[in-house]
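Below: one structure, written as structure tokens.
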Amino acid sequence: FLLDTDGDEHLSETEFAEMPQDDDSKLSEENWKKERIREFKEFIDTNHDGKVNRQELLLYNDPENPVHSKREAEDLISKADTNKDNSLSLQEVLAQKNIFLGSKMVDTARSFHDEF
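Below you can see the structure in the form of structure tokens.
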């Protein structure tokens, strides 16, 4: 684990929250960390013991994990919804086709997380 700063072969909530922010993230550093903590608690730490072991991390990083497709769909909609009505028109989709074609769900090489 690259994020395992204390070398115990587990990720703590704090270690996960320190993950570098995505280049395209528009969140403040504080909100980024809050979002990482929420993600850790809700989706990664499946046995809720406050740390993530190798098996939990593998399950989370599984490309078939529905968490990833839901998050990607929400991200795509927010980026392409230019009139911010929480709905996509055909015109919005066509105007933002590069966003969809660059999606991790289309470009499978982007689906793998090298930070772990």
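Under the UniProt record's numbering, read the sequence shown as residues 1 to 116, first letter to last. Every residue gets a Cβ at the ideal spot worked out from N, C-alpha and C, and that includes glycine.
Please classify residue i as buried or exposed, where buried requires at least 16 neighbouring CB atoms within 10 angstroms.
i, result
"E115", "A caution first: E115 carries a pLDDT of 44, below 50, which makes its placement in the model unreliable, though a value can still be read off. Exposed: under 16 other Cβ atoms inside 10 Å."
"G7", "exposed"
"K97", "exposed"
"L58", "exposed"
Could you give the C-beta distance for residue i and residue j, rounded to a whole number, given that I count them as a contact under 8 Å?
i, j, result
"A80", "L88", "6 Å"
"E15", "L3", "5 Å"
"N53", "H10", "6 Å"
When DSSP labels each residue in this structure, what does residue i get in the three-state scheme?
i, result
"L11", "strand"
"K97", "helix"
"K41", "helix"
"K26", "coil"
On the DSSP letters alone, give me the boundaries of the alpha helix (DSSP H) that residue i sits inside.
i, result
"N86", "No alpha helix (DSSP H) contains N86, which DSSP labels as neither H nor E."
"Q55", "R54 to N61"
With C-beta atoms as the reference, is residue i less than 8 Å away from residue j?
i, j, result
"I77", "Y60", "no"
"S12", "K41", "no"
"T82", "E72", "no"
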